[in-house]
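Reviewing the structure listed below.
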Amino acid sequence: YIQSEVFTAYSFYCILFLLHTLFILFQPITPAVVKKFTSSSHPKPGAIRVFYGKANDPVVPLGLSHGIISEISDNVKTLVNPPIRTWVQQNILNEHERLYSTNQRAPLGKSYDQASRLPKGVDVYKTTFGKKLLRDITARELVNPQKSWAQVDKEAQEGHPLYVLTHNDYKPEEQVDRKYSWTRCNKYSTFGIQTPHFNDGRNIKKPLNWLQEEQL
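According to the UniProt record's numbering, the stretch in the sequence shown is residues 1 to 216, in order.
Pasting the structure below:
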């Protein structure tokens with residue numbers, strides 16, 4: 001029984017393959033006048049989309065080239081690992097490099113020399129600028145000062161209104177003050193009706209238990 005079904009399925013796929021092959025072989029050929037329109041809207045996979053107005057034009061861009069032919073220059077090997085210069089070649093190169101201002105200000109292997117822009121008579125090793133730093137407190141005292149919790153909270157409350165005005169820095173539980181005029185109504189008045197609830201949790205108990213358990 002199983003072999004007969006396998007043979008039937010195999011025969012069915014063979015018939016489908018044969019019909020598909022016959023359809024490809026005997027399908028009507030699209031005329032060239034129609035093909036230029038279909039190739040413009042639905043080109044074949046991998047084909048270049050050509051506008052139907054240029055379908056019969058000669059393909060000129062394939063034979064065009066722009067610019068000049070690149071001449072063979074130094075290869076990558078000579079650029080990455082150039083040959084070692086002789087002593088005479090290196091001295092000639094150094095003489096040529098001395099003409100550049102960048103080589104005069106910051107020669108190879110040395111830091112940038114800024115002494116040429118300083119006033120005459122200034123000792124670059126002993127002269128300092130600015131004001132001397134006054135060390136009054138340590139970093140420990142600045143990060144963790146010797147203050148009580150009440151004193152720190154009091155100082156934070158003193159500057160809090162300023163941060164609310166400039167940065168909208170409200171506390172998590174603090175109500176936003178929008179500067180409303182509460183002369184006509186009470187600031188703490190509420191609207192609507194009170195939501196029925198029980199603090200003992202009897203309502204939340206119902207969805208947590210099955211209906212059959214409550215009926216029992």
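Don't be surprised by glycine CBs; every beta carbon is placed ideally from N, CA and C.
> When you compare only the Cα positions, how much space is there between Y13 and T30?
Replying inline: C-alpha separation (whole angstroms): 29 Å.
> So, A9 versus K36, is the Cβ gap smaller than 8 Å?
Replying inline: Cβ distance not < 8 Å, so A9 and K36 don't count as in contact.
> Expressed to the nearest angstrom, what Euclidean distance is found between the alpha-carbon atoms of Y125 and D113?
Replying inline: 13 Å
>> Which of the three DSSP states is assigned to E141 in this structure?
In response: helix
> From P161 to K179, what distance separates their C-alpha atoms?
Replying inline: 13 Å
>> Taking the alpha-carbon of R105 as reference, which of E95, S116 and H96 has the nearest alpha-carbon?
In response: S116
> Cβ atoms of E97 and N103: under 8 Å apart, would you say?
Replying inline: yes
> Mind checking Y1: buried by the 16 CB within 10 Å criterion, or exposed?
Replying inline: Because Y1 carries a pLDDT of 44, less than 50, the predicted location of this residue cannot be relied on, and the following value inherits that uncertainty. By the neighbour-count rule (16 or more Cβ atoms within 10 Å), Y1 is not buried but exposed.
>> Check for me: the alpha helix (DSSP H) holding E71 runs from which residue to which?
In response: Premise fails: E71 is in no alpha helix (DSSP H) and is neither H nor E.
>> Between which two residues does the alpha helix (DSSP H) holding G121 run?
In response: Here G121 belongs to no alpha helix (DSSP H), and DSSP marks it neither H nor E.
>> I'd like to check one pair, S65 with Y52: are the Cβ atoms closer than 8 Å?
In response: no
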